[in-house]
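Oh and the sequence shown: position 74 is 412 in the working numbering, straight run, nothing missing.
Structure first, then comments.
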Amino acid sequence: ELAFTYAGEAFESRVRPLAESIGAKLVLPCDVTDDNQINAVFETLKKEWGGLDALVHSLAFAKKEELKGEFLNTTRDGFKLALDVSAYSLVALVKAALPLMEGRDASIVTLTYYGSEKVISNYNVMGVAKAALEACVRYLAADLGPKNVRINAISAGPVKTLAAMGITGFKGILDMVEVKAPLKRNVTQEDGAKTALYLLSG
Ligand code: IMJ
339 ELAFTYAGEA
349 FESRVRPLAE
359 SIGAKLVLPC
369 DVTDDNQINA
379 VFETLKKEWG
389 GLDALVHSLA
399 FAKKEELKGE
409 FLNTTRDGFK
419 LALDVSAYSL
429 VALVKAALPL
439 MEGRDASIVT
449 LTYYGSEKVI
459 SNYNVMGVAK
469 AALEACVRYL
479 AADLGPKNVR
489 INAISAGPVK
499 TLAAMGITGF
509 KGILDMVEVK
519 APLKRNVTQE
529 DGAKTALYLL
539 SG
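This is the structure:
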C-alpha cells in the first residue's frame, strides 16, 4: 500500500493520476521546506496505517539559473534553497517518519547523482547538495542502524526524467554513457525502481 506526496498544484495533477492508476488512495501535499506540511503527512499516515515500512525520498530543487554556467556564480540564496530542499529535507522527513518506522525492519531510500563526486558541467550547486545528501545518509545510518532502520542512496547515473529535461548537455551525457557503459545502454526508470524495491525489501 503506497502513499504519494507532491509540492504545488502543478505536480498534484501529475501525481494523482499515477497514484490512482495503481490503486493508491493517499495523495498528500508536502512542501519539504515547511515543517507543518511534513508533520501533517506523517500524522495522516499514523491515522491511516499506524506504521510505515518504507520511505522513498525522490526530490531535489535548484534555481534554473544556477544549473548552467559557472558554479562560481552560485548565490547565497540559491545555495541555501538547493541545500534545504535537496539535502536537509531528508533529515526532516526521516525525523518525522521515525516514530512510525521503529521496530518494523523499515528501510529508507534516497536518490543521488555522480555530480556529488566529480565535476559535471552545469550540475553546479546540485553537486554540492548531493554531496551533503550523501553525507546525511551516512550520519543518519549511524543513528538509525541501532533502531534496525536501514537507509541508502541510489546513484543510478543519468536517467531521462522531468527534472533532467531541458538541461544543457544532458543528451550528450546520455549518448556518451551508451558508448562507454559496460551494458552499452543507459539506466532506465525501471532499473532505478528495481534497485529501490530491493533496498526497501525486508
Ligand atoms: C541537472 C543539471 C545539470 C546537469 C545534469 C542534471 N545532469 C543530470 C541532471 C548531467 C543527470 C539531472 N539530475 C541528476 C538532477 O539531480 C536534477 C536536479 C534538478 C533539476 C532541475 C530542473 C528544473 C529546475 N530546477 C531543478 N533543480 C534540480 O528549475
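Idealized CB from N, CA, C, for every residue including glycine.
Rounding to the nearest angstrom, what Cα-Cα distance links residue i and residue j in this structure?
i	j	result
V463	A469	10 Å
T450	I492	6 Å
F380	G540	21 Å
K401	A501	12 Å
K456	L405	15 Å
V423	R354	22 Å
I505	T499	11 Å
G550	E358	The structure shown does not extend to residue 550, since the chain spans only 339 to 540, so no value can be given for it.
E386	R442	17 Å
G507	E440	43 Å
L436	V517	42 Å
A398	T382	23 Å
A467	A425	6 Å
F342	D513	32 Å
Decide if residue i is buried, meaning its Cβ has at least 16 other Cβ atoms within 10 Å, or exposed.
i	result
T526	exposed
A519	exposed
A473	exposed
S351	exposed
I360	exposed
My output table needs one value for residue i: the three-state DSSP class, helix, strand or coil.
i	result
F342	strand
V379	helix
N374	helix
V463	helix
T448	strand
S539	coil
L471	helix
L521	coil
Would residue i and residue j qualify as a contact pair, given that the criterion is a beta-carbon distance under 8 Å?
i	j	result
E447	N377	Glu is not the amino acid found at residue 447; the sequence shown has Val there. Not in contact: V447 and N377 (Cβ atoms no closer than 8 Å).
A392	L482	no
L428	L471	yes
G453	V497	no
D369	A345	yes
K384	L438	yes
V432	L478	yes
L390	A444	yes
A480	V394	no
(message) Please output, in chain order, the residues near the ligand MG using a CB cut-off of less than 6 Å to any non-hydrogen atom of the ligand.
(response) Looking at this structure, you won't find the ligand MG anywhere; what it does contain is the ligand IMJ.
Discussion item. Restricting to runs no shorter than 4 residues, where is the alpha helix (DSSP H) found entirely within the region 385 to 438?
Written reply: 414 to 421
Please go through the region 474 to 499 and give each complete beta strand (DSSP E) segment of 3 or more residues, from N-terminal end onward.
-> 488 to 493
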